[in-house]
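Novice: These protein sequences, in sequence, are chains A and B. When you number the first sequence by our numbering, it's gap-free, plus one each residue, and the end is 403. When you number the second sequence by our numbering, it's gap-free, plus one each residue, and the end is 1403. Where a beta carbon is used, it is the ideal one built from N, C-alpha and C, also for glycine.
There are 2 protein chains.
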Amino acid sequence: MTLLTISHRAEKTPPSPIRKLAGLAQQAADRGTHVYRLNIGQPDLRSPKEFLEGVSSFAKEVVAYEGSQGSRDLLSTWVSCINRDYDIELTNEQMLITMGASEALIFAFMVVCDPGDEILMFDPTYANYIGFSAISGVRLVSLPCSLEDKFALPTREDIERYISPYTRAVLLCNPNNPTGAVCSDDELRMLVDLCRERDLFLIVDETYREFVYDGVKPRCIYEIAPKDPRIIVVDSLSKRFSLCGARIGCMLTWHPEVMRAAFHIAQARLSAPTIEQDAAAHMLQTIGDQYLRDALAEYQTRRDAAVSALSRIPGVTTHAPQGGFYLLAKLPVKDAEDFASFMLTDFSSGGKTTFVAPAAGFYMLREAGRSTIRIAFVLNRDDTDVAIAVLGEGLRAYQSRRV
Amino acid sequence: MTLLTISHRAEKTPPSPIRKLAGLAQQAADRGTHVYRLNIGQPDLRSPKEFLEGVSSFAKEVVAYEGSQGSRDLLSTWVSCINRDYDIELTNEQMLITMGASEALIFAFMVVCDPGDEILMFDPTYANYIGFSAISGVRLVSLPCSLEDKFALPTREDIERYISPYTRAVLLCNPNNPTGAVCSDDELRMLVDLCRERDLFLIVDETYREFVYDGVKPRCIYEIAPKDPRIIVVDSLSKRFSLCGARIGCMLTWHPEVMRAAFHIAQARLSAPTIEQDAAAHMLQTIGDQYLRDALAEYQTRRDAAVSALSRIPGVTTHAPQGGFYLLAKLPVKDAEDFASFMLTDFSSGGKTTFVAPAAGFYMLREAGRSTIRIAFVLNRDDTDVAIAVLGEGLRAYQSRRV
């Protein structure tokens, strides 16, 4: 019996470049090697005790469906928190609770685009956008940004050259994953103006909104364009509160039809998880601002450690990102994926190795990222130092192996 | 400024017929009316203490991402449980943990079909399938079943008449939501043979698998067709353990490419919620079979109460479902949605009213369900009795209002 074929779109859905080598890392760990995981944005910071308290005090007898828009409690609380931090006059009507930012992005793609429609975005980009585009049949059109320019946005004129009759939206991740670039207010205004004049949606993924360093002020796009119905903001508690596994995100929009349609899609999947919504509401009601301040200081220290350690490795080019918790580094190798695999299969130093994500998967235009890796600075300073020193040793071993 | 239009597919995604009138019910409750909710499959049975123990003993310091396939612990445990109950030799490789059965169904639709492809299914059907089809661009082709025939499947010849060059799969919900029909082994064999001979996938939603009454034996389709790679099974803990809000489901398949593609989609959304997976594994490891036996006995009692109470209302036609926890009832009204709204907006008896789901939304061929409601027998026997008596009173009031 020959197997039935699967759909074209399923064939086209790429594996996650972040998780692609996870099996090799598991095998290395199973062999007893200590693997420093710089490959994934999974912080090692403790989740807030206020969240864990919320979990352990869950007192309902039935773990029932929540409303499809999200629990009333979480909606009101999250809205208040955002209004406290940003002057944007949000109400519950503009918020839909989703299963992580991932689901909010899928909803946004589906509501904005029919299959074959295009979304402009900036390369390199969060790899899973490419997965969401495959699922939703959206064509991502990629505008290259470069390490040499610190991943600044292209000019308005350059962006306009990519607008076609199929273009429906511009997608921005700010602060950016994987580049760590943070848009200036002028850049944000340029994108808002462009979208207004060219009749496009602007989807802004603000998962890393508060992670900006060196005294830069966090920015919500709605401060630049109050209540603009062309804008869809995607947000998440995953990174801000080290709660990746809680799968709590949201979508914000002042466009009533976008919200209604996203809500209908949300109804089809019934609701986001109840216990995490309860615990998240409890956390947001009771947590002070110290948690985030500490996290931010910690990430800035880690970034500095990572950049400084990388600068000590001959032949590596990198940059100090202004935000997020990733950076890209260009290595003196032809194929960074081959090198990343080598680190997991053929190398260890003192029983240790380092797991990095090959960056090609973050590029629509793959070749541009062929020699590049993404590093998530999610380990503490000391571990970061060791992990990157091990990376440097691995690089030497890899290069001498090749001679 | 005129608003940007949304996508066609978003416009076509219907609101959930189950949740459509939820706002009216909330208003009735806000006015102080006690609303008996027979509209939604949200059981009032307590979730197992073993699950709640698992939640309150969650001891990790970081709520981290789980693997995209699901937590190893939950995978192994759930696989063992299924193998204990059914002779199908499942291994972890055939299972992908999803956010409820909903996500498993969306994955199945996407992996099996490209936009425009067709899936055959039986009308009436679980309303959210229609939502999933809108999202995924799949055309559901509907074969009518009727209350008069107790919603038996059409004959093989009748089904074959609906197969076109675009047909990719047959979709079955067994036991059925909303009809409560349970397929005989002969019917299952007929579908398996048909799919083999006509080169189709067979997607079987077994969310209600254990809910069969009157001594009928629960059936997993893989017992009929061992390891058949044409089959995709969708399963969930939501109903079996009164855990709707936990959002833990799974997809099973022996088709390696289907699994790999579904896994790639799963990677794009990272992981299912961590705490619920932990708690579910703990529950499945420690719970005996008494919980399900009690639940089953309770549902059978409720079904009997519901059928008997409905039979006392003049002009109502119904049937005693063999499984699931829903039944359909045909009312002596033209438009059951108008009547269901009336119950929430204009009627109460002794401060009470009853919330039922208009059944038209469960039909692709809407007109067939225009006079029909779906009742979920999710309330205890006494409440079911009162709720249906109130429904009868409401029906009289509605009819006299119309005279």
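1) Using a Cβ-Cβ cut-off of less than 7 Å, give me the residues of the segment 239-253 of chain A that come near chain B, in sequence order.
2) Going by other Cβ atoms of all chains shown within 10 Å of its Cβ, with 16 needed for buried, is Gly288 of chain A buried or exposed?
3) Taking the alpha carbon of Asn92 of chain A as the point to measure from, which residue in A:Met99, A:Arg84 and A:Ser80 has its own alpha carbon closest?
4) Can you give the Cα-Cα distance for Val1111 of chain B and Arg312 of chain A, rounded to whole angstroms?
5) In terms of residue numbering, what span does the beta strand (DSSP E) encompassing Pro1144 of chain B cover?
6) Within the same chain, show all residues whose beta-carbon is closer than 6 Å to that of Leu1075 of chain B, passing over the 5 residues directly before and after it, in chain order.
7) Secondary structure at Pro1175 of chain B, three-state DSSP: helix, strand or coil?
8) Residues of chain A with CB under 8 Å from Tyr1065 of chain B, in chain order?
9) Suppose contacts are defined by Cβ-Cβ distances below 7 Å. Is Ala281 of chain A in contact with Val55 of chain A by that definition?
10) Give, in chain order, every residue of the segment 1091-1117 of chain B whose Cβ lies closer than 8 Å to some Cβ of chain A.
11) Look up Tyr1036 of chain B in the DSSP assignment and give the residues it is bridged to.
12) List, in order along the chain, the chain B residues whose C-beta lies closer than 8 Å to that of Leu404 of chain A?
13) Is the beta carbon of Tyr1126 of chain B closer than 7 Å to that of Val1141 of chain B?
14) Between Arg260 of chain A and Ile232 of chain A, what straight-line distance do the alpha-carbon atoms span, to the nearest angstrom?
15) Can you pull the DSSP bridge partners for Thr167 of chain A?
16) Give a yes or no on whether 7 Å exceeds the smallest Cβ distance from Gln267 of chain A to chain E.
17) Between the alpha carbons of Leu153 of chain A and Ala262 of chain A, how many angstroms are there, rounded?
18) For Leu366 of chain A and Gly137 of chain A, I'd like the C-alpha separation in whole angstroms.
19) Give the C-beta separation of Arg168 of chain A and Glu118 of chain A to the nearest angstrom, bearing in mind that I take them to be a contact with Cβ-Cβ under 8 Å.
20) Using a beta-carbon distance below 7 Å, is Thr1317 of chain B in contact with chain A?
21) Would you mind reading off the limits of the alpha helix (DSSP H) that contains Phe1109 of chain B?
22) How would you label Pro1015 of chain B, buried or exposed, when you count the other beta carbons within 10 angstroms and need 16 or more for buried?
23) Which value, in whole angstroms, describes the spacing of the CA atoms of Gly1351 of chain B and Phe1339 of chain B?
24) Can you name, in chain order, every residue of its own chain whose Cβ lies under 6 Å from the Cβ of Phe1151 of chain B, other than the five neighbours on each side?
25) Where does Ala1357 of chain B land, buried or exposed, given buried means 16+ other C-beta within 10 angstroms?
26) From the DSSP output, in three-state form, read off Asp346 of chain A for me.
27) So, does the CB of Ile1373 of chain B fall closer than 7 Å to a CB anywhere in chain A?
28) Strictly under 7 Å for the Cβ-Cβ distance: is Ala261 of chain A near chain B by that measure?
29) For chain B, check one thing: does any of its Cβ atoms lie closer than 7 Å to the Cβ of Arg19 of chain A?
30) Would a C-beta distance cut-off of 7 Å place Tyr1291 of chain B and Pro1043 of chain B closer than the cut-off?
31) What do you get for Lys1020 of chain B, buried or exposed, if any count of 16 or more other CB atoms within 10 angstroms of its CB means buried?
32) Cβ closer than 9 Å: which chain A residues qualify as neighbours of Ser1068 of chain B?
33) Of the residues B:Trp1254, B:Leu1243, B:Ala1022 and B:Thr1384, which one's Cα is nearest the Cα of Val1307 of chain B?
34) Taking Tyr208 of chain A as part of the alpha helix (DSSP H), name the residues at either end of that continuous run.
35) From this set, B:Met1343, B:Ala1266, B:Thr1207 and B:Ala1368, which residue's C-alpha is nearest Arg1037 of chain B's C-alpha?
36) Are the CB atoms of Gly1323 of chain B and Val1212 of chain B within a distance shorter than 7 Å?
Specialist: Working from what's here:
1) Ser242, Leu243, Cys244, Gly245, Ala246 and Arg247
2) Taking the first residue of the first sequence as position 1, residue 288 of chain A is located at position 288. Exposed, because fewer than 16 other Cβ atoms sit within 10 Å of the Cβ of Gly288 of chain A.
3) Within the first sequence, numbered from 1, the residue matching residue 92 of chain A stands at position 92. The residue with the shortest Cα to Cα distance from Asn92 of chain A is A:Ser80.
4) Stepping through the second sequence from its first residue, residue 1111 of chain B is reached at position 111. Stepping through the first sequence from its first residue, residue 312 of chain A is reached at position 312. When rounded, the distance between both Cα atoms is 46 Å.
5) The residue you call residue 1144 of chain B lines up with position 144 of the second sequence. Where Pro1144 of chain B is concerned, the enclosing beta strand (DSSP E) stretches over Arg1139 to Pro1144.
6) What you label residue 1075 of chain B is simply residue 75 of the second sequence in a count that begins at 1. If we look at Leu1075 of chain B and ignore the five residues flanking it on each side, its Cβ neighbours are Asn1092 and Met1095.
7) Translated into the one-based positions of the second sequence, residue 1175 of chain B becomes position 175. DSSP places Pro1175 of chain B in coil when its eight states are reduced to three.
8) As a first step, residue 1065 of chain B must be located in the second sequence, where it is residue number 65. By Cβ distance, chain A contributes Ile40, Gln42, Cys244 and Gly245.
9) Taking the first sequence and counting its residues from 1, one reaches residue 281 of chain A at position 281. Taking the first sequence and counting its residues from 1, one reaches residue 55 of chain A at position 55. Contact flag unset, no.
10) Met1099, Gly1100, Ser1102, Glu1103, Ile1106, Met1110, Val1111, Val1112, Cys1113, Asp1114, Pro1115 and Asp1117
11) Residue mapping note: residue 1036 of chain B aligns to position 36 of the second sequence, counting from 1. DSSP lists B:Thr1354 as partners of Tyr1036 of chain B.
12) The structure shown does not extend to residue 404 of chain A, since chain A is modelled only from 1 through 403, so no value can be given for it.
13) Here residue 1141 of chain B is taken as the residue at index 141 of the second sequence, counted from 1. Here residue 1126 of chain B is taken as the residue at index 126 of the second sequence, counted from 1. No.
14) To locate residue 260 of chain A, count along the first sequence from 1; it is residue 260. To locate residue 232 of chain A, count along the first sequence from 1; it is residue 232. Arg260 of chain A and Ile232 of chain A: Cα-Cα distance of roughly 13 Å.
15) The residue you call residue 167 of chain A lines up with position 167 of the first sequence. Bridge partners of Thr167 of chain A: A:Glu118.
16) Absent here is chain E; the protein component of the structure consists of chains A and B.
17) One-based indexing of the first sequence puts residue 153 of chain A at position 153. One-based indexing of the first sequence puts residue 262 of chain A at position 262. Cα to Cα, the separation comes out at about 29 Å.
18) As a first step, residue 366 of chain A is located in the first sequence; it is residue number 366 there, counting from the start. As a first step, residue 137 of chain A is located in the first sequence; it is residue number 137 there, counting from the start. According to the sequence as given, residue 366 of chain A is Arg; it is not Leu. Rounded to whole angstroms, Arg366 of chain A to Gly137 of chain A spans 20 Å at the Cα level.
19) Taking the first residue of the first sequence as position 1, residue 168 of chain A is located at position 168. Taking the first residue of the first sequence as position 1, residue 118 of chain A is located at position 118. So it is a contact: roughly 7 Å between Cβ atoms.
20) Residue numbering aside, residue 1317 of chain B sits at position 317 when the second sequence is read from its first letter. Not an interface residue.
21) The count along the second sequence starts at 1 and reaches residue 1109 of chain B at position 109. Per DSSP, Phe1109 of chain B belongs to the alpha helix (DSSP H) from Gly1100 to Val1112.
22) The count along the second sequence starts at 1 and reaches residue 1015 of chain B at position 15. By the neighbour-count rule (16 or more Cβ atoms within 10 Å), Pro1015 of chain B is buried.
23) Looking up residue 1351 of chain B in the second sequence gives position 351. Looking up residue 1339 of chain B in the second sequence gives position 339. So the alpha carbons of these two residues sit roughly 18 Å apart.
24) Here residue 1151 of chain B refers to the residue found at position 151 when the second sequence is read from its first residue. Shown here for Phe1151 of chain B: same chain residues with a beta carbon closer than 6 Å to its own, the five before and five after excluded, namely Cys1145, Thr1179 and Ala1181 in chain order.
25) Here residue 1357 of chain B is taken as the residue at index 357 of the second sequence, counted from 1. Looking at its Cβ environment, which holds 16 or more other Cβ atoms inside 10 Å, Ala1357 of chain B is buried.
26) Stepping through the first sequence from its first residue, residue 346 of chain A is reached at position 346. Here Asp346 of chain A sits in coil by DSSP.
27) Walking along the second sequence from the start, residue 1373 of chain B turns up at place 373. By this cut-off, Ile1373 of chain B is not an interface position.
28) Residue 261 of chain A sits at position 261 when you count from the first residue of the first sequence. At a cut-off of 7 Å, the C-beta of Ala261 of chain A has a neighbouring C-beta in chain B.
29) The count along the first sequence starts at 1 and reaches residue 19 of chain A at position 19. So yes, Arg19 of chain A belongs to the interface.
30) As a working mapping, residue 1291 of chain B is identified with position 291 in the second sequence. As a working mapping, residue 1043 of chain B is identified with position 43 in the second sequence. Taking 7 Å as the Cβ cut-off, Tyr1291 of chain B and Pro1043 of chain B do not qualify as a contacting pair.
31) If you number the second sequence from 1, residue 1020 of chain B lands on position 20. Buried.
32) As a working note, residue 1068 of chain B is residue 68 in the second sequence. Near Ser1068 of chain B (Cβ distances below 9 Å), the residues of chain A are Ser16, Arg19 and Ala22.
33) On the second sequence, residue 1307 of chain B is found 307 positions in, with the first residue counted as 1. Closest by alpha carbon: B:Thr1384.
34) What you label residue 208 of chain A is simply residue 208 of the first sequence in a count that begins at 1. Premise fails: Tyr208 of chain A is in no alpha helix (DSSP H) and is neither H nor E.
35) On the second sequence, residue 1037 of chain B is found 37 positions in, with the first residue counted as 1. Residue B:Met1343 is the option with its Cα nearest to Arg1037 of chain B.
36) Locating residue 1212 of chain B in the second sequence gives position 212, where the first residue counts as 1. Locating residue 1323 of chain B in the second sequence gives position 323, where the first residue counts as 1. It is a contact, given that the beta carbons lie within the stated cut-off.
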